[in-house]
Amino acid sequence: MAKRPRRNRRSPALRAAFQETSITPANLVLPLFIHEGEEDTPIGAMPGCFRLGWRHGLLEEVYKSRDVGVNSFVLFPKVPDGLKVIYTDVALDPYSSDGHDGIVREDGVIMNDETVHQLCKQAVSQARAGADVVSPSDMMDGRVGAIRAALDAEGFHDVSIMSYTAKYASSFYGPFREALDSNPRFGDKKTYQMNPANYREALIETAADEAEGADILLVKPGLPYLDIIRLLRDNSALPIAAYQVSGEYSMIKAGGVLKMVDEEKVMMESLLCLRRAGADIILTYFARQAANVLCGSKRP
């Protein structure tokens, strides 16, 4: 037999030598939930995740993560209802009493251009506060170009845009929406987020975001959309990000708790698969836990 692929798998040394894909803590981005209180509160649908107090809990989580090589973070605020403005606030759903990513007209239509105008204000505000990367997740048309122009007009030429290029109207977002109390109060998000059945449509969004000045292209969710990650990787020279979303995280956690799977092994395999598909960076709630594994430590 001339071809025996198993020859290159017969020892750990050979397998390591020929491994095509690797993952390091530098590839991981940790999403963090914050709230205005000082105490950390657990998120029931996401075991091991908390709404962090801004004064102590947030800083402690950042310190622990940086200690194992995770140096990139995305912040998601839980905003009290009393501070939300119905229909007129910025596009991200945590700030909206109706739970939608855009400004809502009286008849329930999500208004695109009016939302983009508010998004630009939010992006500039975040840049003034010190953000290195702003990440429009609303899926409004034209928002990347408008945000780029707004940032440049205020002198923030070095602030990058990570666009949620292919964000699908997925059922995997449930635990995240519980964490931020941001479930839509009516309807769904299918008029602006992408249809999970569509593949080629991601190329339209990619071309638009590239033309408008995006610096990073993101696919969300992650593991169920490996084909979309590969599609963007094969059709764009920009860095590709994948978001391993709350539903993916919670399923792995639940499988581990029920002893149905080995949580640590499934966690690492899922992240490796996202990298293999073409993701340069991965947003994952497992970031610190995975970095501990990669560093050979078991620190909490």
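For the record, in the sequence shown the residue sitting at position 208 is 334 according to this note's numbering, with numbers rising by one throughout.
Think of the CB as a built atom: it goes at the ideal place given N, C-alpha and C, for glycine as much as any other residue.
It should be emphasised that the depicted structure is a prediction, and the values quoted were computed from it without experimental measurement.
If you measure between the beta carbons of residue i and residue j, is that distance less than 9 Å?
i, j, result
"V242", "A272", "yes"
"V345", "A253", "no"
"I287", "P322", "no"
"P347", "S289", "no"
"I342", "L364", "yes"
"A334", "D267", "yes"
Roughly how many whole angstroms lie between the Cα atoms of residue i and residue j?
i, j, result
"A416", "E186", "18 Å"
"V387", "Y351", "22 Å"
"A340", "K129", "45 Å"
"I160", "R135", "45 Å"
"P131", "N153", "30 Å"
"L143", "Y369", "According to the sequence shown, residue 143 is Ala rather than Leu. Roughly 29 Å between the two C-alpha positions."
"E384", "M172", "The question names Glu, but residue 384 in the sequence shown is Leu. Roughly 15 Å separates the two Cα atoms."
"L397", "L140", "22 Å"
"D278", "G179", "33 Å"
"D360", "G163", "44 Å"
"Y375", "R274", "32 Å"
"Y189", "D233", "46 Å"
"A249", "D227", "14 Å"
"A337", "Y294", "21 Å"
Here's a check: name, in chain order, each residue in its chain whose Cβ is nearer than 7 Å to the Cβ of residue i, leaving out the five neighbours to either side.
i, result
"T299", "Position check: residue 299 holds Tyr in this sequence, whereas Thr was assumed. Cβ within range, chain order: V371, S372, G373."
"P157", "V200, F202, L409, Y411"
"T317", "I236"
"A276", "C246, A249, V250"
"E390", "V419"
Leaving out five residues on either side along the sequence, give the residues of the same chain with a beta carbon under 6 Å from the beta carbon of residue i.
i, result
"G195", "P151, A417"
"S443", "Here the chain covers residues 127 to 426 and nothing more, so residue 443 does not appear."
"G183", "D166"
"I354", "A292, A328, V345"
"R177", "F159, H161, T167, K204"
Indicate, with yes or no, if the ligand SAH has a heavy atom lying under 8 Å from the CB of residue i.
i, result
"G268", "Here there are no bound small molecules, and the ligand SAH is not part of this structure."
In the DSSP assignment, find the unbroken alpha helix (DSSP H) run with residue i in it and report its ends.
i, result
"I169", "Per DSSP, I169 belongs to no alpha helix (DSSP H) and is neither H nor E."
"H161", "Where H161 is concerned, there is no enclosing alpha helix (DSSP H), although the beta strand (DSSP E) it sits in stretches over 154 to 161."
"G195", "Counting along the chain, G195 falls outside any alpha helix (DSSP H), and DSSP gives it neither H nor E."
Could you please give the first and the last residue of the uninterrupted beta strand (DSSP E) stretch that includes residue i?
i, result
"P203", "198 to 204"
"R136", "Premise fails: R136 is in no beta strand (DSSP E) and is neither H nor E."
Quick one: what's got a C-beta closer than 8 Å to residue i's C-beta in the same chain, skipping five residues either side?
i, result
"S362", "T332, E336, L343"
In chain order, which beta strand (DSSP E) runs of at least 3 residues are fully inside the region 326 to 391?
-> Here the runs fully enclosed are 342 to 346, 366 to 370.
Give, in chain order, every unbroken run of the beta strand (DSSP E) that is at least 3 residues long and sits entirely within the region 236 to 283.
-> Complete beta strand (DSSP E) runs here, min 3: none at all.
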